[in-house]
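In the numbering used here, the protein residues as written are 5 to 239.
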């Protein structure tokens, strides 16, 4: 609070206006950390193919490229990937519009911050889709003859040689929460509670959605879920 007061005096703006910059800071911070971790992993390590780069027990660092959706769910051909990339782009625009609506209508600050985290996560992953195929010289690609996605060996370099086209880059994943299931768990759920490898963008989206569901009745008004851009400004 003291920092906001000082910033208010320095910028000579209303405190409410300062608060409106917090969602922007959240978005930029998450995107920055997400991209730094992805670029570092991709430009310093080979695909781990199930092996750990770093093993901290509960948290393992691996390197997986994901041509599909979050947590390693992929599609069967490159055309599906193009459609997914376009869908992600449209979703990013829609979420961005929704954040502006929430700010305009003085929605609950916690809700605005959570939706901003969702937006940041969506942008973080779509950056991979849009540009990684153009920036890096190697990556996971679709093989028409084999009918599946093929990985690569060696370490990628961001030299703009490109391994794919615009919209055809793969998302870089690296975090693996290793929570083994005890033998007495029924129905053969496997060895782990949550086997998918993910990134910071995925976590930002998933945790935010979970918190919105948990606190929905406390932070969401009826007007917040109305997609009309009106002038209602009451709680």
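For every residue, glycine included, the Cβ atom is placed at its ideal position computed from N, Cα and C. Nothing here was measured: the structure is a model prediction, and the numbers come from that model.
In the displayed model, residue 152 falls within a strand according to three-state DSSP. The stretch 45-126 is shown to contain whole alpha helix (DSSP H) runs of 4 or more residues at 82-108, in chain order. DSSP places residue 206 inside the alpha helix (DSSP H), whose first and last residues are 204-218.
Within the model, the alpha-carbon separation for residue 70 versus residue 111 is close to 35 Å. Here residue 171 carries a coil assignment [DSSP, helix/strand/coil].
As the crow flies, the alpha-carbon of residue 171 is around 10 Å from that of residue 92. For residue 146, the uninterrupted beta strand (DSSP E) run begins and ends at 145-147, by DSSP. Counting only the Cα atoms, residue 163 lies some 16 Å from residue 42.
Relative to residue 62, the option among 204, 182, 198 and 155 whose CA is nearest is 182. The stretch 111-122 and the stretch 134-145 do not touch, with fewer than 3 CB-CB distances between them shorter than 8 Å.
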